[in-house]
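Going down the list, the protein sequences come from chains Y and S. Taking UniProt numbering, the leading residue of the first sequence gets 1, the next gets one more, and so forth. Taking UniProt numbering, the leading residue of the second sequence gets 1, the next gets one more, and so forth. Here is the structure we will look at, set down as structure tokens.
2 protein chains.
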Amino acid sequence: MPGMGIVERKSRQKQALRERILDAARRIVMREGFAALSMRKIADAIEYSPATLYLHFASRDEIAQALCAEGYAQLLATFVPLAQIADPAERLKALGRAYVAFGVAHPETYRLIFMEDPSYTGAALGGAAGAARKGVDGALAAVVDAGAGAANETAEATVAGTAAAGTTASGKVNLAPAKPDDDPGDAALHIMLRALEELKAAGRLSASMDVAVWAEAFWATLHGIVALNLTCPVFPSAPLDTVVGVALDTWLGTQPAGQPQGAAKSTRAGKKKSAEAPAQSHSEAHAESPAETGVKPATKPKAASA
Amino acid sequence: MPGMGIVERKSRQKQALRERILDAARRIVMREGFAALSMRKIADAIEYSPATLYLHFASRDEIAQALCAEGYAQLLATFVPLAQIADPAERLKALGRAYVAFGVAHPETYRLIFMEDPSYTGAALGGAAGAARKGVDGALAAVVDAGAGAANETAEATVAGTAAAGTTASGKVNLAPAKPDDDPGDAALHIMLRALEELKAAGRLSASMDVAVWAEAFWATLHGIVALNLTCPVFPSAPLDTVVGVALDTWLGTQPAGQPQGAAKSTRAGKKKSAEAPAQSHSEAHAESPAETGVKPATKPKAASA
DNA sequence: GTCTATAAAGAGATAGAC
DNA sequence: GTCTATCTCTTTATAGAC
Numbered sequence: 001m002p003g004m005g006i007v008e009r010k011s012r013q014k015q016a017l018r019e020r021i022l023d024a025a026r027r028i029v030m031r032e033g034f035a036a037l038s039m040r041k042i043a044d045a046i047e048y049s050p051a052t053l054y055l056h057f058a059s060r061d062e063i064a065q066a067l068c069a070e071g072y073a074q075l076l077a078t079f080v081p082l083a084q085i086a087d088p089a090e091r092l093k094a095l096g097r098a099y100v101a102f103g104v105a106h107p108e109t110y111r112l113i114f115m116e117d118p119s120y121t122g123a124a125l126g127g128a129a130g131a132a133r134k135g136v137d138g139a140l141a142a143v144v145d146a147g148a149g150a151a152n153e154t155a156e157a158t159v160a161g162t163a164a165a166g167t168t169a170s171g172k173v174n175l176a177p178a179k180p181d182d183d184p185g186d187a188a189l190h191i192m193l194r195a196l197e198e199l200k201a202a203g204r205l206s207a208s209m210d211v212a213v214w215a216e217a218f219w220a221t222l223h224g225i226v227a228l229n230l231t232c233p234v235f236p237s238a239p240l241d242t243v244v245g246v247a248l249d250t251w252l253g254t255q256p257a258g259q260p261q262g263a264a265k266s267t268r269a270g271k272k273k274s275a276e277a278p279a280q281s282h283s284e285a286h287a288e289s290p291a292e293t294g295v296k297p298a299t300k301p302k303a304a305s306a
Numbered sequence: 001m002p003g004m005g006i007v008e009r010k011s012r013q014k015q016a017l018r019e020r021i022l023d024a025a026r027r028i029v030m031r032e033g034f035a036a037l038s039m040r041k042i043a044d045a046i047e048y049s050p051a052t053l054y055l056h057f058a059s060r061d062e063i064a065q066a067l068c069a070e071g072y073a074q075l076l077a078t079f080v081p082l083a084q085i086a087d088p089a090e091r092l093k094a095l096g097r098a099y100v101a102f103g104v105a106h107p108e109t110y111r112l113i114f115m116e117d118p119s120y121t122g123a124a125l126g127g128a129a130g131a132a133r134k135g136v137d138g139a140l141a142a143v144v145d146a147g148a149g150a151a152n153e154t155a156e157a158t159v160a161g162t163a164a165a166g167t168t169a170s171g172k173v174n175l176a177p178a179k180p181d182d183d184p185g186d187a188a189l190h191i192m193l194r195a196l197e198e199l200k201a202a203g204r205l206s207a208s209m210d211v212a213v214w215a216e217a218f219w220a221t222l223h224g225i226v227a228l229n230l231t232c233p234v235f236p237s238a239p240l241d242t243v244v245g246v247a248l249d250t251w252l253g254t255q256p257a258g259q260p261q262g263a264a265k266s267t268r269a270g271k272k273k274s275a276e277a278p279a280q281s282h283s284e285a286h287a288e289s290p291a292e293t294g295v296k297p298a299t300k301p302k303a304a305s306a
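Encoded structure:
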């Protein structure tokens, strides 16, 4: 019977190999696309035999789902600092831009999470707890909780003077109990819903609007932009940032329309941001992973022998 | 040397077999998903040998692209009658609803065209000419062309009285030359752009808005709704029609700002879709194809042997 | 725990007989 | 045109030696 330290060392080693497997898998997915992910390739990459992988993961699917949870946690992590933005509309815009930036910066990860198989999406949204507990989720849950109190008040201090608000703000916010442990995959949703409640309280969103519906439609817009960008060769014809900007302005009622509905800067100077428009740069985004862009993932094997 | 009639008969027979191949392929894709489409399965379905398929299609990819072009033409066909709607905002709403309905009614076809491989999307948008020429495209091109003249005037007769319009309407419409033969895949885009120009002329869209950008962002919203609906297990929590309604109202500026509009019954009783929520029903959609819904397409082979 | 070896299945595509 | 037969390659997953 070995001492406790030996057991721990073995456990650490097992965990380490598990991480190496996931690292290799992630690299393959990023470079060649998810379709090219195979047990053999992973085994080759980590210089183990394929059979060893099955001691850590029951199947290729389990590896894929672990990658999904990881990637989703990474996405959530980019939201954390943005949840502190005082103005709810600006907060939502920043979240939207970060969402699109993530999808553009990590196309294959985004594909795997949101465009491949429903079970993968489910693994990411529901199973992000496991991967996210590794550090991200704690911080996020803290932010979400803090948002219920502190962020709300700072937002009021900044915004409340604009319109007749404050009446419904205090009483109705607890409509979203925001149990952070309940479903960590919904953390992003909670951030959005809170911002929407503030927006509504400030009179900048129709009081009759169902915030849950608005949030889903808003999400769909962002997802559509990312997904078309990844799949459709002719999208977008205008710079991506321009399309995102129009979408955000439309959803948040800040568009320079003939009549602004909520509260907007009446008219803008030029036509659009045709001049600058850095387009796909997104230097604001995440520099963690080694440039997932550029390589055609090749869902199809294409020609190999001739 | 055979007579000309014999050559024609042979050509017809060849075409007929080509159609049978595509029919079988379409059925497989609809029932088992695109990933399950293989030359052998097609051959089995039509009771020919796999080698025969290669006399009609150079590769599996070519079959897939033909299916894409077909499906896209089918989608365009559902737009044709809607292009006659006089009010441009209502026309765009109807187009949007038809788009979503198509995606929900033909999930695997939609996936193949817009969510799988960029080359497939390209084949649909650019190569729809070939498949569409079979009858759909002619009608569509006619509608598009007629739209430049007739539909525009009916729209003016119905709408123009609303706001101060008419000044820019006549002079600027030819901004979109609408060459129907040029790129038939863009026919849908042209329909949208025309509606947007009318909207702008009527003062119901900001004069500074770039209609091309608006159109792409609008498309992205619709695509996002369909794509999430097909991939994300928890989307939507509210009935799909409600989400679509909010999106359309937001984009077309018909949202309440205090008063509830067409859809969205102000407040809901429960939290989520616990109570009613028919969700995926959509009986309004197309009944042409044999119920592509319901069966899990299984991108992955999953368990087969044990 | 890790390996070698292999089973079992399936894919796309082609050569050559008829 | 069509078929038989096959080549080549890939995959997931497991059995059993060490």
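Glycine included, C-beta positions come from ideal geometry on N, C-alpha and C. Note that this is a predicted model, so its numbers are computed, not measured.
For SER237 of chain Y, the residues of chain S that pass the 9 Å Cβ criterion are ALA212, VAL213, GLU216, in the order they occur in the chain. C-alpha of MET4 of chain S to C-alpha of LYS10 of chain S: approximately 10 Å in a straight line. When DSSP states are grouped into helix, strand and coil, HIS190 of chain Y belongs to the helix group. Contact check for GLU216 of chain Y and PRO88 of chain Y: beta-carbon distance about 17 Å, past the 8 Å limit, so the pair fails to qualify.
If you draw a straight line from the Cα of TRP214 of chain Y to the Cα of LEU55 of chain Y, it comes to about 45 Å. Close partners of ILE225 of chain Y in chain S (Cβ separation under 9 Å): GLU216, ALA217, ALA220, THR221, HIS223, GLY224. Closer than 9 Å to the CB of VAL80 of chain Y there is not a single CB belonging to chain S. Look at PRO81 of chain S here: in three-state DSSP terms it is helix.
Sorting S:LEU193, S:TYR110, S:GLU70 by C-alpha distance to the C-alpha of ALA83 of chain S places S:LEU193 at the top.
Separation of the CB atoms of ILE46 of chain S and ARG20 of chain S is rounded to 5 Å, and the pair is thereby assigned contact status at 8 Å.
With its beta carbon at least 9 Å from every one in chain S, VAL7 of chain Y lies outside the interface.
In the displayed model, SER119 of chain Y falls within a helix according to three-state DSSP.
A Cβ-Cβ separation of about 5 Å places THR78 of chain Y in contact with ALA98 of chain Y under the 8 Å criterion.
Counting only Cβ-Cβ distances below 8 Å, MET115 of chain S has contacts in chain Y at MET115, ALA227, THR231, in chain order. Proximity to ALA195 of chain S across S:VAL234, S:VAL244, S:VAL211 peaks at S:VAL211, based on C-alpha coordinates. Counting along the chain, GLU90 of chain S sits inside the alpha helix (DSSP H) bounded by residues 88–105. Under a criterion of Cβ atoms nearer than 8 Å, the residues of chain Y adjacent to ALA247 of chain S are, in order, ALA217, ALA220, THR221.
Closest in C-alpha terms to VAL246 of chain Y, from the list S:GLY33, S:MET209, S:ARG111, comes S:MET209. TRP219 of chain Y places its beta carbon less than 9 Å from that of GLY224 of chain S. In the three-state scheme derived from DSSP, where H, G and I count as helix and E and B as strand, HIS223 of chain S is classed as helix. Bounds of any alpha helix (DSSP H) do not take in ASP210 of chain S, whose DSSP letter is neither H nor E. If you draw a straight line from the Cα of LEU22 of chain Y to the Cα of SER119 of chain Y, it comes to about 18 Å. ALA64 of chain Y and HIS190 of chain S have their C-alpha atoms spaced approximately 41 Å apart.
Scanning chain S for C-beta atoms nearer than 8 Å to the C-beta of VAL100 of chain Y yields nothing, as the closest lies near 10 Å away.
Taking the C-beta atoms as reference points, LEU112 of chain Y is found nearer than 9 Å to LEU67 of chain Y. Excluding sequence positions up to five before and after ALA25 of chain S, its CB lies within less than 7 Å of the CB of LEU37, ILE42, ILE63, LEU67, all in the same chain and listed in chain order. 9 Å or more divides the Cβ of LEU53 of chain Y from the Cβ of LEU248 of chain Y.
For ALA51 of chain S, the enclosing alpha helix (DSSP H) begins and ends at 50–53.
A distance below 7 Å between beta-carbons, with the five flanking residues on each side excluded, links LEU17 of chain S to the following residues of its chain, in chain order: HIS56.
In the DSSP assignment, VAL7 of chain S falls within the unbroken alpha helix (DSSP H) covering 4–32. The residue from S:ASP61, S:MET39, S:GLY71 with its alpha-carbon nearest to that of MET30 of chain S is S:GLY71. Between ALA124 of chain Y and the set S:LYS200, S:THR109, S:THR221, S:CYS232, the nearest pair of CA atoms involves S:CYS232. Rounded to whole angstroms, the gap between the alpha carbons of ASP44 of chain S and PRO50 of chain S is 8 Å. DSSP, read as helix, strand or coil, puts VAL234 of chain Y in coil. Interface criterion not met: the Cβ of THR109 of chain S is under 9 Å from no Cβ in chain Y.
At the C-beta level, THR250 of chain S and THR250 of chain Y come within 9 Å of one another.
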